[in-house]
Amino acid sequence: MSLLNTFKFDKNLKRFAVDSIAHTIFYGVLGAVIALALGIELKVYLAMSIIGTAIQIVSGGFFGRFLDLVRRLMGV
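My numbering applies: residue 5 is where the sequence shown begins, and numbers increase by one.
Here's what the structure looks like:
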């Protein structure tokens, strides 16, 4: 791997991390507002969010493989 490719990889990794954090904050706040408006207790919402995040982390590899398959089938 050349130095230029390493830099691109690092840049993409940083972009992915920032995008993930922004996604979590944006949809976390939006989800909390909706949950509270629907009358769901904050404790229940936080518990559901933590469990959902854990499931996403654990299943991330499976989704990545599925995404690769779909991209391959679509020719992208």
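Yeah, the Cβ is synthetic: ideal placement off N, Cα and C, and Gly gets one too. Note that the structure is a prediction, hence the values are computed from the model and not measured.
What did DSSP end up calling residue i once you bin it into helix, strand or coil?
i	result
valine 22	helix
leucine 42	coil
Would you give the residue range spanned by the alpha helix (DSSP H) that residue i belongs to?
i	result
glycine 68	46-78
As a quick exercise: from the options, pick the residue whose alpha carbon is nearest that of residue i.
i	options	result
alanine 39	Ser53, Ile29, Gly79	Ser53
threonine 28	Asp72, Glu45, Val80, Ile61	Ile61
asparagine 34	Leu50, Lys15, Val80	According to the sequence as given, residue 34 is leucine; it is not asparagine. It is Leu50 whose Cα lies nearest to the Cα of leucine 34.
glycine 32	Lys15, Thr57, Asn16	Thr57
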